[in-house]
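This report refers to the structure that appears directly beneath it.
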Amino acid sequence: MTTRPMTTRPTVLITGTSSGLGLEIALYLAQCGFEVYATMRDLSRRGPLEREAARRNVRLQVLQLDVTDQASIQATVTTVIEQSSGIYGLINNAGINVSGYFEDLSEEEMRQVFEVNIFGTMAVTRAVLPYMRAARRGRIVIMSSIGGKIAWLGATAYCASKFALEGFGESLAQEVMPFGVYVSLLEPGVVKTELFGRNHRVAARALDSQSPYHEWSQQLQGLMDQLARTPATTAEEVAKTVYRALTDKRPRWRYVVGRRTKLLITLRRHLPGELFERIWTREALRRVTEPKPSP
Amino acid sequence: MSDSVLITGAGTGLGLATALYLARQGFKVYASVQHLGQQEEVDAAAAERGVSLRVLQLDVTDQASIEATVDTIVAECGGIYGLVNNAGIDLRGFFEDLSEEEIRRVFDVNVFGTMAVTRAALPHMRPTRRGRIVIISSVAGRIAVMASSAYSSSKFALEGFSESLAQEVMPFGLYVSLIEPGFVMTPIFSINRRRAKMAMDPDRPYYAWFVQHEKMIDDLVQKRWITPRDVAQAVHRALTAKRPRLRYVVGTRAKLVISLRRHIPGELFERIFFAEVARRVTSGAREQGSKGASDQ
């Protein structure tokens, strides 16, 4: 099952496990034999994870951790260190999205996305790294997205924050590799999770019919709903890929998850010049912008 | 009447060179500086080249100053044709040596500052149905190296932001372009080079590597691969091309490295290029006989 013999089960800490990808990753890794510390901001939402864990007959620890609250990060990391053999894997999964055209996003909404996606990821990573360095082994997985490689309209906050994670992960990987610590970025496509449901927030002004972008936002929402109904990637595929990033002898820098996602990223990479960008933009505008809003 | 262009961070380096170059090309240039103390220097540089431009105070982290400057330009010109988001700061140091405060400062200027000025300018660009937003990114926005996680991350963020914004405002006849210069000999790499406080602490586990990496960067910068003028020309192209590109890479070597990264299959580039830098940094640190990395 694992690539290395294990005397004690390696410990992984996962953020954002109350739903969606985090929930599936926590369960899957527990099934694979990891000692899983599944964390979430709001423990009152632990029900679905615990019920599913019971159903699958796996054991995991649920702890409170809000990636924007330094005290909760410290407390949880300390607890995990005391209870376990040290932290082998950190899965930075917690993330939010506030969609909306840039001019419809308030500065506050923009900053909230960065607070969780970037500064939150950095804060948890900062807290865990000293233990990994001391152990001279460890894996840090960062949940990026296809939105970290290819940006689309109505998603400046999400895409900018995911691009930022790509830069952060790439730089950090080089810094900690000499300590035997590997960093991998995961790039799933659209997954049917609550990021497109409960956790999906829309900028307040996008709902205001006075906004010059209002009609386009509506069109875009329809398109995104449609995409979420035929998702490019399943949560299980993502969980399996996390497992690879944790166990591959030489983990990849980036794992693209899902066939459609791979195709897009490959096209983007290899089509000459800015051909991909031009096609991508033209398609986006045709589907979202061109059905002219008002007569 | 000539088109108005607002440039942020025009007190030194790329911003100043771009302001002067665009003024010479006939744009009505508003060169904004963080502190008005920088005005004299900018005015002197303009006088020396025989060009005219207007210096205004704008701190990209100060909303009031952004609005005041945009209002001034709109009052004088009726709108803004070009916005060149140039203001930016660097932060050198391995991630664990960066304080949260230092990282936030980089994002406040590079990312949220750029967004704030863009947010203020856009309503004055949309009605005219023509305009250009230029964002000064960096090769570091495409390829992140060690000891620059905050800077690279902020530049990557600008790449994602611009790519998304470009699609949003294109229907209004507005174009967004990213400029990606390689190493330029400007104050950001010399007197303005900002190092994280902890990075200079010899007791830190990354200290020896950091010192070695800084030496490598010094050598690179000394080679002066591109000049601020090359960057100014790229900005000019983005402002004047009929159909501007989304990205302008500036410098032959920057182009080469980015296209290698793009076309070498799989993760071969990462394995070769990044591994080579790491090898030089770690072995260089050993040869210096300085204190090696330890597990503190």
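Here the protein sequences come in this chain order: A and B.
The numbers in my numbering rise by one with no breaks, and the one at position 220 of the first sequence is 221.
The numbers in my numbering rise by one with no breaks, and the one at position 135 of the second sequence is 214.
Using N, Cα and C, we set each Cβ at its ideal position, and we do this for glycine too.
Rounded to whole angstroms, what's the CA-CA distance from K302(B) to P260(B)? Just pull it up for me.
C-alpha separation (whole angstroms): 14 Å.
Reference V255(B), options G345(B), V213(B), Q312(B), H114(B), closest by Cα:
Distance from the Cα of V255(B) is smallest, within the candidate group G345(B), V213(B), Q312(B), H114(B), for V213(B).
Pull the bridge partners of V184(A) from the DSSP assignment, please.
I141(A)
Option nearest V218(B) by Cα separation, candidates R332(B), Q118(B), T97(B), F186(B)
Across the set R332(B), Q118(B), T97(B), F186(B), the C-alpha of R332(B) shows the shortest separation from the C-alpha of V218(B).
Assigned secondary structure, T16(A) (DSSP; H/G/I helix, E/B strand, else coil):
DSSP places T16(A) in coil when its eight states are reduced to three.
Return yes when the Cβ of V108(B) is within less than 8 Å of the Cβ of V84(B), no when it is not.
yes
Quick check on R1(A) - is its C-beta less than 8 Å from some C-beta in chain B?
Absent from the structure is residue 1(A), since the part of chain A shown begins at 2 and ends at 296.
Excluding sequence positions up to five away, which residues of its chain have a Cβ less than 7 Å from the Cβ of L99(B)?
A124, A125, R128, V130
CA-CA distance, P11(A) and V37(A)?
9 Å
Helix, strand or coil, according to DSSP, for P252(A) in the structure here?
coil
So for N118(A), helix, strand or coil by DSSP?
helix
Considering K263(A), what are the terminal residues of the alpha helix (DSSP H) in which it resides?
260-271
Is any beta-carbon of chain A found at less than 8 Å from that of P284(B)?
yes
Residues that G168(A) contacts on chain B, provided the C-beta gap is smaller than 8 Å
A219, G220, A223, S228, S231, S232, S233, K234, F235, A236
I'd like to confirm the pairing. Which residues does DSSP put opposite Q75(A) in its beta bridges?
The partner list for Q75(A) (beta bridge, DSSP) is empty, contrary to what the question assumes.
Alpha carbon to alpha carbon, how far is E104(A) from S212(A)? Give it in angstroms, no decimals.
The alpha-carbon atoms of S212(A) and E104(A) are separated by roughly 9 Å.
Residue from V191(A), S145(A), I141(A) with nearest C-alpha to L173(A):
Of all alpha-carbon atoms in V191(A), S145(A), I141(A), the one lying nearest the alpha-carbon of L173(A) is that of I141(A).
So if DSSP puts S256(B) in a beta bridge, which residue, or which two residues, is it bridged to?
The partner list for S256(B) (beta bridge, DSSP) reads V213(B).
Quick check: the stretch 281-288 of chain A against the stretch 274-290 of chain B, are there 3 or more CB pairs under 8 Å?
no
Can you tell which of R171(B), T193(B), A200(B), D309(B) has its C-alpha closest to the C-alpha of A378(B)?
What the structure shows of chain B is the stretch from 80 to 375, and residue 378(B) is not part of that stretch, so it cannot be assessed.
Of the residues that make up the stretch 336-368 of chain B, which ones have a beta carbon closer than 8 Å to any beta carbon in chain A?
Listed in sequence order: R341, H342, E346, E349, F353, V356, A357, T361.
Using 8 Å for Cβ pairs, my map puts A158(A) next to A236(B). What's the rounded Cβ distance?
That belief does not hold up - the Cβ atoms of A158(A) and A236(B) are roughly 10 Å apart, past 8 Å.
Between G155(A) and the rest of its own chain, which residues show a CB-CB distance below 6 Å, the 5 nearest in sequence each way excluded?
S100, Y102, L221
Please return the same chain residues whose Cβ sits closer than 6 Å to the Cβ of K234(B), not counting the five positions on each side in sequence.
S216, S217, A219, G220
Please list, in chain order, all residues of the same chain as R137(A) whose beta carbon is under 7 Å from its beta carbon, the five residues on each side excluded.
F180, G181
Using the Cβ count rule (16 or more neighbours within 10 Å means buried), how would you classify D374(B)?
At D374(B) the pLDDT is 41, less than 50, meaning the model places this residue with poor confidence and gives no usable figure here.
Would you check if the stretch 140-160 of chain B and the stretch 183-201 of chain B touch, i.e. whether three or more CB-CB distances between them fall below 8 Å?
yes
With a threshold of 8 Å between beta-carbons, can I182(B) be considered close to chain A, or not?
yes
Exposure of N189(B), with buried meaning 16 or more beta-carbon neighbours within 10 Å:
buried
Chain-ordered residues of the stretch 150-168 of chain A with a beta carbon less than 8 Å from chain B
The residues in question are I151, A152, W153, L154, G155, A156, T157, C160, A161, S162, K163, F164, A165, L166, E167, G168.
Counting only Cβ-Cβ distances shorter than 9 Å, please list the residues of the stretch 110-125 of chain A near chain B, keeping chain order.
M111, R112, F115, I119, F120, M123, A124
According to a CB-to-CB cut-off of less than 8 Å, which residues of the stretch 168-200 of chain B neighbour chain A?
F173, F174, E175, E179, I182, R183, F186, V190, F191, M194, A195, T197, R198
Could you work out which residue in G105(B), Q117(B), D82(B), S81(B) is closest to G94(B) when comparing CA atoms only?
Considering only alpha carbons, the answer is Q117(B).
Would you list, in chain order, the members of the stretch 263-275 of chain A that have their beta-carbon closer than 9 Å to a beta-carbon of chain B?
R270, H271, G274, E275
So what does DSSP say about I152(B), is it helix, strand or coil?
helix
Would you report the Cα separation of I159(B) and A96(B), rounded to the nearest angstrom?
20 Å
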